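Engineer: Sharing a structure, written as structure tokens. Questions coming.
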Amino acid sequence: MGWSRVPELPEVETLRRQLEKEYLGKRIKSAQLKSRKYVKVAKPGKKKAVKTDASPKQMNDALAGGKVKAVSRRGKYLIFELDNGWWFVVHLGMSGHIVKATPKRPPDKHTHVVLQFTQGNDLRYFDARRFGECFVVQAEQGDEVLGHVGLDAINQPIPWQMLGELVAERNSKLKALLMDQEFISGLGNIYSDEVLYLAGLPWDRPSGSLTSNETRRLSRAVGEVMTEAIKHRGTTLEDGGWRDLYDEVGEHQEHLAVYGREGEPCRRCRTPIRKVRISNRSHYFCPQCQA
DNA sequence: ACGCCCGCCTGTAAGC
DNA sequence: TGCTTACAGGCGGGCG
Numbered sequence: 000m001g002w003s004r005v006p007e008l009p010e011v012e013t014l015r016r017q018l019e020k021e022y023l024g025k026r027i028k029s030a031q032l033k034s035r036k037y038v039k040v041a042k043p044g045k046k047k048a049v050k051t052d053a054s055p056k057q058m059n060d061a062l063a064g065g066k067v068k069a070v071s072r073r074g075k076y077l078i079f080e081l082d083n084g085w086w087f088v089v090h091l092g093m094s095g096h097i098v099k100a101t102p103k104r105p106p107d108k109h110t111h112v113v114l115q116f117t118q119g120n121d122l123r124y125f126d127a128r129r130f131g132e133c134f135v136v137q138a139e140q141g142d143e144v145l146g147h148v149g150l151d152a153i154n155q156p157i158p159w160q161m162l163g164e165l166v167a168e169r170n171s172k173l174k175a176l177l178m179d180q181e182f183i184s185g186l187g188n189i190y191s192d193e194v195l196y197l198a199g200l201p202w203d204r205p206s207g208s209l210t211s212n213e214t215r216r217l218s219r220a221v222g223e224v225m226t227e228a229i230k231h232r233g234t235t236l237e238d239g240g241w242r243d244l245y246d247e248v249g250e251h252q253e254h255l256a257v258y259g260r261e262g263e264p265c266r267r268c269r270t271p272i273r274k275v276r277i278s279n280r281s282h283y284f285c286p287q288c289q290a
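Structure (structure tokens):
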């Protein structure tokens with residue numbers, strides 16, 4: 000099995016809760032930019048946000064002296080809201096990783112940002128594959144810059160009747176719809192497969208064809224999968240991708256119904272789980288339960 | 001409007 | 001043993 004660490008909503012929420020516990024009320028002493036062209040400064044643009052490279056000084060000027068007023072989350076975006084009018088926003092992409100850096104911890108390869116606090120341990124952000132994203136934005140512009148992020152799958156659960164209207168309007172294939180961050184934010188490849196399995200629906204059903212019963216099942220499945228995965232502090236696959244703030248693995252991999260279980264029996268009907276390539280990504284499903 | 005592909009990026013593992 | 005290749009996939013952009 001290849002390399003993968005896939006932070007989706009449950010992993011980001013796990014991190015958010017831990018960050019809140021450790022850093023709420025702490026003041027940033029300095030913000031060090033360790034690699035060029037990683038952190039951006041964001042401003043609202045005409046259609047979408049404009050992001051330009053931040054210099055080490057720009058980043059430090061924005062963050063140093065700010066006290067962490069809140070650690071929030073929108074979909075897969077993590078937001079450090081500071082009391083000096085700035086936000087520090089992080090998207091972990093595929094391989095982004097935030098750890099509480101105890102003095103013992105050896106330097107991590109591909110470290111991009113180190114935050115030092117006036118008390119307590121540092122925060123380190125590293126991202127080997129650079130699919131992630133960090134930017135600073137002024138708080139009053141934050142909503143607009145993150146305007147493309149759709150309703151959060153758990154912070155703003157959509158009543159199923161409303162979901163029914165929305166999916167009927169859109170009429171795209173279910174898997175694509177669940178992964179569309181402008182529609183519902185927070186689901187990626189792993190959890191969209193888990194949601195479809197729990198709802199008993201195939202990946203290519205046109206969303207407009209759902210009955211009200213199926214819409215209800217889909218809506219319930221989103222909530223249930225997210226809640227369970229958060230309870231287990233996220234999914235760490237065999238190759239050991241996802242780690243939390245304390246460098247610990249999650250436990251939800253033990254509870255996955257379909258993802259990564261090709262050839263293994265369906266937990267419900269014993270039919271072997273199948274894997275197919277859909278638009279260049281893996282999709283796992285039970286051919287019996289999701290007919 | 002929607003589906004689908006590409007490029008970005010690095011570390012694994014399989015294949016020759 | 002060492003090289004090449006495929007694969008992992010979030011996301012924005014482009015094209016049909």
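Position 23 of the first sequence, counted from 1, bears residue number 22 in numbering that gives the first Met the number 0, the numbering being contiguous throughout. Glycine included, C-beta positions come from ideal geometry on N, C-alpha and C. In this text the structure is predicted, and so the values were computed from the model without any measurement.
Short of 8 angstroms in beta carbon distance, which residues of its chain neighbour serine 278, apart from the five on each side in sequence? Order them along the chain.
Structural biologist: Hits under 8 angstroms: Ala175.
Engineer: Say whether the segment 4 to 21 touches the segment 239 to 246, bearing in mind that this needs 3 or more beta-carbon pairs closer than 8 angstroms, one atom from each stretch.
Structural biologist: Yes, the segment 4 to 21 is in contact with the segment 239 to 246.
Engineer: Quick check on DSSP: helix, strand or coil for histidine 147?
Structural biologist: If DSSP states are grouped into helix, strand and coil, histidine 147 belongs with coil.
Engineer: Per the contact definition of three or more C-beta pairs closer than 8 angstroms, is the segment 244 to 258 in contact with the segment 160 to 171?
Structural biologist: No contact exists between the segment 160 to 171 and the segment 244 to 258.
Engineer: Can you tell which of Asp126, Arg72, Gly119 has its C-alpha closest to the C-alpha of isoleucine 97?
Structural biologist: Ranking the options by Cα distance to isoleucine 97, first place goes to Asp126.
Engineer: Taking tyrosine 76 as part of the alpha helix (DSSP H), name the residues at either end of that continuous run.
Structural biologist: Unbroken run through tyrosine 76 is the beta strand (DSSP E), 76 to 81; no alpha helix (DSSP H).
Engineer: By the 10 Å Cβ neighbour count, where 16 or more other Cβ atoms means buried, how is alanine 290 classified, buried or exposed?
Structural biologist: Exposed: under 16 other Cβ atoms inside 10 Å.
Engineer: Cβ of leucine 122 within 9 angstroms of Cβ of leucine 18?
Structural biologist: Taking 9 angstroms as the Cβ cut-off, leucine 122 and leucine 18 qualify as a contacting pair.
Engineer: What's the C-alpha gap between aspartate 203 and lysine 172?
Structural biologist: Their backbone Cα atoms lie some 5 angstroms apart in a straight line.
Engineer: Among the residues of its own chain, which have a CB less than 8 angstroms from the CB of valine 148, if the five just before and after it don't count?
Structural biologist: Cβ within range, chain order: Arg73, Gly74, Tyr76, Gln180, Glu181, Ser184.
Engineer: Say the cut is 8 angstroms; is the CB of valine 40 nearer than that to a heavy atom of the ligand GTP?
Structural biologist: For the structure depicted, the ligand GTP is absent and the ligand set is empty, with no information on it obtainable.
Engineer: Which first and last residues belong to the beta strand (DSSP E) in which lysine 39 is found?
Structural biologist: 38 to 42 is the span of the beta strand (DSSP E), which, as asked, contains lysine 39.
Engineer: Among Ser281, Met93, Lys28, Ser208, whose alpha-carbon lies nearest the alpha-carbon of alanine 61?
Structural biologist: Residue Lys28 is the option with its Cα nearest to alanine 61.
Engineer: Go ahead and pull the three-state DSSP assignment for serine 29.
Structural biologist: It is a strand residue.
Engineer: Would you check if the distance between the CB atom of tyrosine 196 and the CB atom of valine 112 is smaller than 9 angstroms?
Structural biologist: No. Outside cutoff.
Engineer: Could you check what DSSP says for isoleucine 157 in three-state terms: helix, strand or coil?
Structural biologist: Three-state result, isoleucine 157: coil.
Engineer: For histidine 251, does the three-state DSSP call read helix, strand or coil?
Structural biologist: If DSSP states are grouped into helix, strand and coil, histidine 251 belongs with the helices.
Engineer: In its own chain, which residues sit with a C-beta less than 7 angstroms from the C-beta of aspartate 107, not counting the 5 before and 5 after it?
Structural biologist: Excluding positions up to five away in sequence, the list reads Arg123, Phe125.
Engineer: Which value, in whole angstroms, describes the spacing of the CA atoms of glutamine 140 and leucine 255?
Structural biologist: Cα to Cα, glutamine 140 sits roughly 38 angstroms from leucine 255.
Engineer: Apart from the five residues on each side of it in sequence, which residues of its chain come closer than 8 angstroms, Cβ to Cβ, to valine 135?
Structural biologist: Closer than 8 angstroms at the Cβ level, and outside the excluded window around valine 135, lie Val38, Lys39, Val40, Ala41, Ala53, Gln57, Met58, Ala61, Leu62, Trp85, Trp86, Phe87, Val88.
Engineer: Kindly list the residues whose CB is nearer than 8 angstroms to the CB of cysteine 288, restricted to its own chain and excluding five residues on each side of it in sequence; keep chain order.
Structural biologist: The answer, listed in chain order, is Tyr196, Gly199, Cys265, Arg267, Cys268, Thr270.
Engineer: Ignoring anything shorter than 4 residues, give me the alpha helix (DSSP H) runs that lie fully in the segment 191 to 264, in order along the chain.
Structural biologist: Complete alpha helix (DSSP H) runs here, min 4: 211 to 230.
Engineer: With methionine 178 and phenylalanine 130 assumed to form a contact (beta carbons below 8 angstroms), what rounded beta-carbon distance in angstroms separates them?
Structural biologist: About 15 angstroms; that fails the 8 angstroms criterion.
Engineer: Between which two residues does the alpha helix (DSSP H) containing glutamate 10 stretch?
Structural biologist: Segment 8 to 22, the alpha helix (DSSP H) holding glutamate 10.
Engineer: Going by beta carbon distance, what residues of the same chain come within less than 6 angstroms of leucine 114, once the five residues before and after it are set aside?
Structural biologist: Ile27, Ala30, Leu122, listed in sequence order.
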